[in-house]
Every structure is written in structure tokens, then in C-alpha cells.
Amino acid sequence: MNTEKRLSELKSFMEKNDIALSIVTRPENIYYLSNFLGISWSRPISFILTSKSTGLIIPGLEEEHAKAEANVDKIYVYYEYPEKYEMSFLEYVDRILSKYPNGTKIGVEFDVMSFGLADYIRNYGYELVDIGKKITEMRFVKDKQEIELMIEAGRLVSLALSKSLEHARTGLSELEVEQYGNDAVLREIAVKYPDSVLYNLAMTTSGIVRTVMPNVSTTTRKLEQNDIIIHSRQIGFNGYRAECERTFFVGKPTDEQKELFRIATEAQRVAMDIIRPGLTAKEVDLAARKVIQKAGYGEYAVHRLGHGLGLSEHEEPYLRFDNDLVLEEGMAFSLEPGIYVPGIGGFRHSDTVILTKDGKIVITEHPNDLNDLIF
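Just so you know, we're using my numbering here: the sequence shown kicks off at 557 and counts up by one.
This is how it looks when you write it as C-alpha cells:
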């Protein structure tokens with residue numbers, strides 16, 4: 557990734573707000589600014605930015621990884637074994653901050669920085685200023701390379717979803733249904749992109765009880781005759797994600813299920829038809845929501861129309877009823893209106909779109925028709 561333009565924009569923001577130093581801790585933001593996609597877990601990683609330099613504070617476990625991939629001027633490594641131990645993570649933070657007088661403005665991400673680290677910095681007399689909102693806004697609009705990665709993620713997630721549905725049948729567990737798609741995408745990426753980074757998320761809920769729960773883990777529950785199933789997938793390809801979901805049946809849906817399937821599909825179609833630059837996020841959400849409300853199921857449409865996609869599974873901007881943000885070319889979204897009616901089931905399709913100058917491109921693909929989704 558070419559990070560130069562991103563760093564230049566963030567430095568301009570820092571200069572405008574008298575921020576001398578920024579400390580970035582969200583992993584996706586670190587990758588966005590440094591090309592380093594680390595794995596931190598319990599060991600903190602931070603990206604350091606000043607007007608003149610960039611740096612990373614990393615644990616020893618990430619040293620070779622950072623040297624190979626990070627686009628930074630300086631790497632500070634803290635070790636946790638006696639042969640190489642010199643300083644801890646916080647001692648490196650101390651060393652960097654000690655160059656600045658009390659009252660200096662330090663940029664941090666208010667939405668993710670731990671209270672402990674924030675208090676630690678404040679106790680030295682520094683003023684904390686939020687840079688998280690700025691970085692989030694920078695990530696709204698994708699550049700050409702980001703879009704290319706998302707398009708390929710869209711192809712891969714469509715492949716995985718199609719293979720899972722192709723093999724769905726009674727007697728298979730939710731996990732087994734997922735495995736067919738997992739196998740397909742792993743084989744595809746191993747052959748075509750042997751040095752790539754893959755993120756593979758799947759969520760399968762089956763039956764009228766579980767499908768009304770929008771977010772629950774896949775289980776070993778076996779599909780039964782006439783079950784309704786929501787199969788959700790997200791693939792990240794070299795950091796960038798696309799999402800595809802379908803509601804399908806093994807056996808015969810009831811008349812009520814057919815009608816709710818039709819309403820959910822129509823709501824998504826309306827959103828697909830109107831979404832474009834210049835509209836507000838809430839206009840798109842409300843257009844889809846109106847379809848569901850008109851049919852008498854508004855109280856069962858319990859979540860927003862969609863969310864932004866890119867480096868995170870869910871990211872801003874959000875397509876929701878109270879968001880006045882004006883949509884722009886290069887933004888990417890899931891479109892996934894959902895209806896969840898106890899005793900009948902849950903209904904949700906999701907596709908990923910990227911806004912273009914005149915409209916959008918849909919980067920995921922699988923049939924939406926009911927007849928194509930009965931197995």
C-alpha cells in the first residue's frame with residue numbers, strides 16, 4: 557500500500573490542531589498508515605507519527621514481521637526474555653514522550669485507546685486530542701488499490717457462499733455446511749494467491765428459533781427438513797473485506813415465510829436501486845425500511861440497512877435512519893435489511909456495493925430468487 561498520501565493528510569490535520577505527536581493503537585489504523593498488519597493480543601503495538609518521522613513500538617514476537625512489511629522510519633522492539641530485555645512498552649512510550657514539554661498535544665484514538673494508557677500519558681501533563689475520528693473519515697473513501705482488493709474479496713466470498721449452499725441438505729450440521737465453502741475458498745486462494753493473507757468469517761443459523769437471532773455463533777445443530785437457514789460470509793483479502801449472505805431453505809417454506817422472504821428481498825432491491833453518491837445514508841436506509849414498514853413488519857426490522865466495509869468487519873459510515881452523512885464515490889457498504897419474526901424465522905440477504913461516480917458496482921454475486929434458494 558502507498559501510505560504517503562494518507563500520512564500527508566494526517567500530518568496536515570495534526571499541524572492544523574497543534575498536535576506534535578500521534579500514537580495510533582487500532583490494528584486496522586496501524587495497517588492503513590504503515591502497511592503493518594500485526595497480531596497483538598496481549599502485547600500492545602503502537603504506530604508513532606510526528607511531522608518528520610514514523611515509528612512502530614512492537615513486541616519481539618513481531619520483530620521480523622515488522623522488518624519485512626512495515627513502512628516506517630524506526631522500529632522500537634520490546635522483549636520479554638532476559639537475554640534481550642531492555643525496556644518495556646511503556647518505557648518506550650516514556651522515551652518518545654520525554655522529548656516534548658508539558659502541555660504538548662498528543663493525538664490518540666479516543667474510541668479505542670485504553671483508559672490506562674490515556675491516564676498514563678495525561679499524568680505526564682500532556683493534553684490528549686482525538687485523531688480517531690479523522691482516521692475513520694479518511695478510510696471512508698477507498699482508493700483504486702483498495703477497491704481492487706475488495707473486488708477480489710467479493711469474488712472469493714461469493715465462491716465460498718455458493719459452494720456451501722450447493723452442498724446444503726438435511727442431516728448436515730451448520731458447521732459442515734460452512735466447511736464446503738471454507739474448503740473451496742482455501743483451495744482457490746492457495747492456487748491463485750499463495751502469498752496472500754486471508755480472513756474467513758462464516759456464520760450459519762438454522763431453524764425458526766435461531767434465525768431470529770441476528771448474531772449468534774455457528775453450532776453443530778443439524779439441518780432438518782423444511783428448515784430456514786441464514787448463511788453469512790465475510791472474506792478479507794490482504795486486509796480488505798467483502799460480505800455476502802443469503803436466506804435459504806432445505807425443504808418447503810411456509811406461505812408466511814415466502815411472504816417475508818419476498819419483503820426482505822424487495823427491501824434490498826430498493827436500496828440497490830437508489831444508492832448512489834449525493835444521497836444521505838439515512839435516505840437509503842429509510843427507503844428500504846419503508847418497504848418493510850408498509851408490509852406491517854417495521855418492528856421486526858431491528859437493525860440498520862448496512863455498514864461500511866474495508867479493513868474492518870463493520871466500519872463507518874453506517875446506513876441507518878438517523879445518519880445525515882452524504883454518500884461519496886469510493887465508499888463501500890453492505891446492503892442487508894433484515895426481518896426477524898419469532899415463530900416464523902429470520903430473513904436477510906447481504907451484498908457488498910462500492911459507490912461509483914454515477915451509482916454503484918455490486919461486487920458479490922449469488923441468486924436472490926426464492927426458487928434458487930430452496931434445496
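Don't be surprised by glycine CBs; every beta carbon is placed ideally from N, CA and C.
Through-space distance from THR692 to ALA624, alpha-carbon basis: Start at 1 with the first residue of the sequence shown, and residue 624 comes out as number 68. Start at 1 with the first residue of the sequence shown, and residue 692 comes out as number 136. Rounded to whole angstroms, ALA624 to THR692 spans 26 Å at the Cα level.
Within 8 Å, strictly: CB atoms of LEU891 and GLY854: For the purposes of this step, residue 891 is identified with residue 335 of the sequence shown, where counting begins at 1. For the purposes of this step, residue 854 is identified with residue 298 of the sequence shown, where counting begins at 1. Cβ atoms of LEU891 and GLY854: not closer than 8 Å.
C-alpha distance - GLU560 paired with GLY763, whole-angstrom precision: Looking up residue 560 in the sequence shown gives position 4. Looking up residue 763 in the sequence shown gives position 207. Cα to Cα, GLU560 sits roughly 50 Å from GLY763.
HIS723: first and last residue of the uninterrupted alpha helix (DSSP H) it sits in: Position 167 of the sequence shown, counted from the first residue, corresponds to residue 723. Taken as a continuous stretch (DSSP letters only), the alpha helix (DSSP H) holding HIS723 covers 700-723.
Top-ranked residue by Cα proximity to ILE819, from ILE745, ALA851 and ALA837: Counting from one through the sequence shown, the residue named residue 819 turns up at place 263. Ranking the options by Cα distance to ILE819, first place goes to ALA851.
Start-to-end residues for the beta strand (DSSP E) that takes in ARG651: Within the sequence shown, numbered from 1, the residue matching residue 651 stands at position 95. That residue, ARG651, is in no beta strand (DSSP E); its alpha helix (DSSP H) goes 645-653.
Terminal residues of the alpha helix (DSSP H) in which ALA823 lies: Sequence index remark: in the sequence shown, residue 823 carries index 267 (1-based). Per DSSP, ALA823 belongs to the alpha helix (DSSP H) from 811-830.
8 Å Cβ cutoff met for TYR736 and ILE791: Residue mapping note: residue 736 aligns to position 180 of the sequence shown, counting from 1. Residue mapping note: residue 791 aligns to position 235 of the sequence shown, counting from 1. No, the pair does not count as a contact, with Cβ atoms beyond the cut-off.
Bridge-paired residues (DSSP) for ILE785: Walking along the sequence shown from the start, residue 785 turns up at place 229. Answer by DSSP bridge pairing, in chain order: SER762 and PHE804.
ALA844 beta carbon less than 8 Å from that of GLN824: Looking up residue 824 in the sequence shown gives position 268. Looking up residue 844 in the sequence shown gives position 288. Yes, the pair counts as a contact, with Cβ atoms nearer than the cut-off.
Reference ARG582; option with closest CA among LEU684, ASP878 and SER868: Position 26 of the sequence shown, counting from 1, holds the residue named residue 582. Per the Cα distances, SER868.
C-beta atoms of LEU577 and ILE662 nearer than 8 Å: As a working note, residue 577 is residue 21 in the sequence shown. As a working note, residue 662 is residue 106 in the sequence shown. Against a cut-off of 8 Å, the Cβ pair of ILE662 and LEU577 comes out as a contact.
N- and C-terminal bounds of the beta strand (DSSP E) containing HIS863: As a position in the sequence shown, residue 863 is number 307, starting the count at 1. Run containing HIS863: 862-864, per the beta strand (DSSP E) assignment.
Segment limits, alpha helix (DSSP H) that includes ALA622: The residue labelled residue 622 in the question sits at position 66 within the sequence shown. Where ALA622 is concerned, the enclosing alpha helix (DSSP H) stretches over 619-625.
Nearest candidate by alpha-carbon position, reference GLU885, set GLY902, ASP878 and PRO833: Within the sequence shown, the letter at position 329 stands for residue 885. PRO833 is the residue among GLY902, ASP878 and PRO833 whose C-alpha sits nearest the C-alpha of GLU885.
Beta carbon of LEU842 nearer than 8 Å to that of PHE877: On the sequence shown, position 286 is the one that residue 842 refers to. On the sequence shown, position 321 is the one that residue 877 refers to. In terms of Cβ geometry, LEU842 and PHE877 form a close pair [threshold 8 Å].
Segment limits, alpha helix (DSSP H) that includes ARG743: Along the sequence shown, one-based indexing puts residue 743 at 187. Unbroken alpha helix (DSSP H) run through ARG743: 730-748.
Simplified DSSP state of ILE919, which is helix, strand or coil: What you label residue 919 is simply residue 363 of the sequence shown in a count that begins at 1. Of the three classes helix, strand and coil, the one that applies to ILE919 here is coil, per DSSP.
Simplified DSSP assignment, three categories, for TYR896: Walking along the sequence shown from the start, residue 896 turns up at place 340. Of the three classes helix, strand and coil, the one that applies to TYR896 here is strand, per DSSP.
Contact under 8 Å by Cβ, SER788 with HIS922: Looking up residue 788 in the sequence shown gives position 232. Looking up residue 922 in the sequence shown gives position 366. No.
Beta-carbon proximity of LEU779 to ARG725, cut-off 8 Å: Translated into the one-based positions of the sequence shown, residue 779 becomes position 223. Translated into the one-based positions of the sequence shown, residue 725 becomes position 169. Cβ distance < 8 Å, so LEU779 and ARG725 count as in contact.
Host beta strand (DSSP E) of ARG777 (start-end): Walking along the sequence shown from the start, residue 777 turns up at place 221. That residue, ARG777, is in no beta strand (DSSP E); it is neither H nor E in DSSP.
Rounded distance between the beta-carbons of GLY894 and ALA857, thought under 8 Å: Along the sequence shown, read from residue 1 onward, the residue named residue 857 stands at position 301. Along the sequence shown, read from residue 1 onward, the residue named residue 894 stands at position 338. About 7 Å separates the two Cβ atoms, so the contact holds.
Spatial distance of LEU617 from TYR896 (CA atoms): By one-based count along the sequence shown, residue 617 stands at place 61. By one-based count along the sequence shown, residue 896 stands at place 340. Spanning the two alpha carbons is a distance of roughly 45 Å.
Coil, strand or helix - LEU873 by DSSP: The residue given as residue 873 occupies position 317 in the sequence shown. For clarity, residue 873 is Pro in the given sequence; the question names Leu instead. Three-state DSSP puts PRO873 in a strand.
Whether ILE784 touches PRO809 by CB criterion (8 Å): Taking the first residue of the sequence shown as position 1, residue 784 is located at position 228. Taking the first residue of the sequence shown as position 1, residue 809 is located at position 253. Contact flag set, yes.
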